[in-house]
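Q:
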Amino acid sequence: MSPSIGKDTRDGAQRQAEAWLARLDSPECDARERAAFEAWLAQSPEHIDAYLQAERVHALAAALAGDELLRAAARRERRRAASSWRRPRRWLASAAVLLVAIGAAALWRPHSPPAQVQQFATAAGELRQVALADGTRLWLDAGSAVETRYGEERVVELRRGRIQVDVAADPGRPFRVRAGAGTIRDIGTVFQVSRRGEAVDVGLLEGEVEVSVGTGAERRSSRLRPGEQVAIDPSGRLQPKRPLDLAVAQAWPRGDLVFKQRRLDELLAEMNRYSPVQLRLADPALGALTVSGVFHAGDQDALVAALEQGWSLRAERVGEREIVLHPPRR
281 MSPSIGKDTR DGAQRQAEAW LARLDSPECD ARERAAFEAW LAQSPEHIDA
331 YLQAERVHAL AAALAGDELL RAAARRERRR AASSWRRPRR WLASAAVLLV
381 AIGAAALWRP HSPPAQVQQF ATAAGELRQV ALADGTRLWL DAGSAVETRY
431 GEERVVELRR GRIQVDVAAD PGRPFRVRAG AGTIRDIGTV FQVSRRGEAV
481 DVGLLEGEVE VSVGTGAERR SSRLRPGEQV AIDPSGRLQP KRPLDLAVAQ
531 AWPRGDLVFK QRRLDELLAE MNRYSPVQLR LADPALGALT VSGVFHAGDQ
581 DALVAALEQG WSLRAERVGE REIVLHPPRR
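With the numbering used here applied, the sequence shown covers 281 to 610.
(1) Between Glu508 and Leu484, which are expected to be in contact by the criterion C-beta below 8 Å, what is the C-beta distance as a whole number of angstroms?
(2) Go ahead and pull the three-state DSSP assignment for Arg303.
(3) Which residues in the same chain have their Cβ closer than 8 Å to the Cβ of Val598, if we skip the five residues on either side of it in sequence?
(4) At the level of alpha carbons, what is the spacing between Asp310 and Ala319?
(5) Leaving out five residues on either side along the sequence, give the residues of the same chain with a beta carbon under 8 Å from the beta carbon of Met551.
(6) Following the continuous beta strand (DSSP E) through Glu602, name the residue where it begins and the one where it ends.
(7) Does the Cβ-Cβ distance between Ser501 and Val510 come in under 7 Å?
(8) On a Cα-Cα basis, can you pick out the residue from Glu546, Ser324, Ala527 that is closest to Leu566?
(9) State buried or exposed for Gly477, treating a residue as buried only when at least 16 other CB atoms are found within 10 Å of its CB.
(10) Does the stretch 420–438 touch the stretch 453–466, meaning 3 or more C-beta pairs lie closer than 8 Å?
(11) Within the continuous alpha helix (DSSP H) that includes Glu406, where are the two ends?
(12) Buried or exposed: which applies to Ala474, given that a residue is buried once 16 or more other Cβ atoms fall within 10 Å of its Cβ?
(13) So the beta strand (DSSP E) Asp244 belongs to, where does it begin and stop?
(14) Look at the alpha carbon of Ala404 and the alpha carbon of Pro394, and state the distance between them as a whole number of angstroms.
(15) Distance, Cα to Cα, Tyr554 vs Ala527?
(16) Rounded to the nearest angstrom, what separates Ala293 and Thr495 at their Cα positions?
(17) At 4 residues or longer, what runs of the alpha helix (DSSP H) sit wholly inside the stretch 504–539?
(18) Please list the terminal residues of the continuous alpha helix (DSSP H) segment that includes Asp581.
(19) Could you check what DSSP says for Gly477 in three-state terms: helix, strand or coil?
(20) Alpha carbon to alpha carbon, what distance is there between Leu420 and Asp513?
(21) So, under 8 Å CB-CB, Glu541 and Ser572 are touching, yes? Tell me the CB distance rounded to an integer number of Å.
(22) Applying the criterion that 16 or more other CB atoms from any shown protein chain within 10 Å of the CB defines a buried residue, is Pro520 buried or exposed?
(23) Going along the chain, which residues of its own chain have a beta-carbon closer than 8 Å to the beta-carbon of Pro523, five neighbours each way excluded?
(24) Give the single residue among Glu600, Glu602, Pro607, Arg601 whose Cα lies nearest to the Cα of Ser592.
(25) With a threshold of 6 Å on Cβ separation, who are the neighbours of Phe317 within its own chain once the five nearest residues in sequence on each side are excluded?
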């Protein structure tokens, strides 16, 4: 039976989250209830916050359960309660003492170890896949740089470029990506984030993410479903959602680039990021040509051959690292 949904207040959401946590741990929890849980999460950001908080408390309680001093205190209080069950006030007082002891023990524990910080970067033409300590996988596009900080939270900061993130489940530690003015909060998903200067774009392939900017009363957020993307402009404003081209998004981590009616100058700029051999146009007017096709990142020869055959452009090699494209002969 699914937890009942009452008035949507902060306390109510916390109680519902605790009920869901208990139910999901039950071996009797079925697919219908898990679907109801996903629907409840999607109702509001407060539900996500409440559930993450419930899991953090659960994890802390599990850690305290292994403390021998606390276990001994609990046994002592249970014996006292059993011998004085006719005096409920004394039992309640004993329980209160035990709760204070547990809280004090949590405060007396050593501070959490400092977050582990790692940095990863790719050069021009380099694609890289990184496995993080928790099992999360990152794909870094060419010319990208990230910093990861793993402590009580898992944070990935995108400094530049483009990444794909396949997040490993770890309910006790939220996962966030920060890029420019935006924060992307994940709940078991596969998504991509690109950053050029302060402009950020987020696209979702699987699962669900929340993209937010600002704090407090100025906070604005957008929840994405698979096949959607949202941009944050250079001034930090969240733009309306729009469809994500899944074919294009899924291609680049495999090393392929998909172009659909792209301007030739834009296409060349993209392909040049992946190769030391640079393509340029002899006549800037050629940049207005539109091109469609799938090319392996960095395979300049294949692109030149396609342009020569399909658009009758003429290629001139200038040294070892430059190819100039000329208009067709007249």
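Beta carbons are placed, not taken as given, at the ideal position from N, Cα and C, and that holds for glycine.
A: In short, the structure shows the following:
(1) Right, their Cβ atoms sit about 6 Å apart.
(2) Three-state DSSP puts Arg303 in a helix.
(3) Val604
(4) 15 Å
(5) Leu537, Leu559, Phe575, Ala577, Gly578, Gln580, Leu583
(6) Counting along the chain, Glu602 sits inside the beta strand (DSSP E) bounded by residues 602–606.
(7) no
(8) Glu546
(9) exposed
(10) In short, these stretches touch, since the Cβ pair count reaches three.
(11) Counting along the chain, Glu406 falls outside any alpha helix (DSSP H), and DSSP gives it neither H nor E.
(12) It should be pointed out that residue 474 corresponds to Ser in this sequence rather than to Ala. Answer is buried; the Cβ neighbour count reaches 16.
(13) With the chain represented from 281 up to 610, any question about residue 244 goes unanswered, as that position is not in the structure.
(14) 33 Å
(15) 19 Å
(16) 21 Å
(17) 526–531
(18) 580–591
(19) Three-state DSSP puts Gly477 in coil, outside helix and strand.
(20) 22 Å
(21) Per the sequence shown, the amino acid found at residue 541 is Gln instead of Glu. Taking 8 Å as the upper bound for CB-CB distance, Gln541 and Ser572 are in contact here, some 6 Å apart.
(22) Exposed.
(23) Result list for Pro523: Gly507, Glu508, Gln509, in chain order.
(24) Pro607
(25) Trp300
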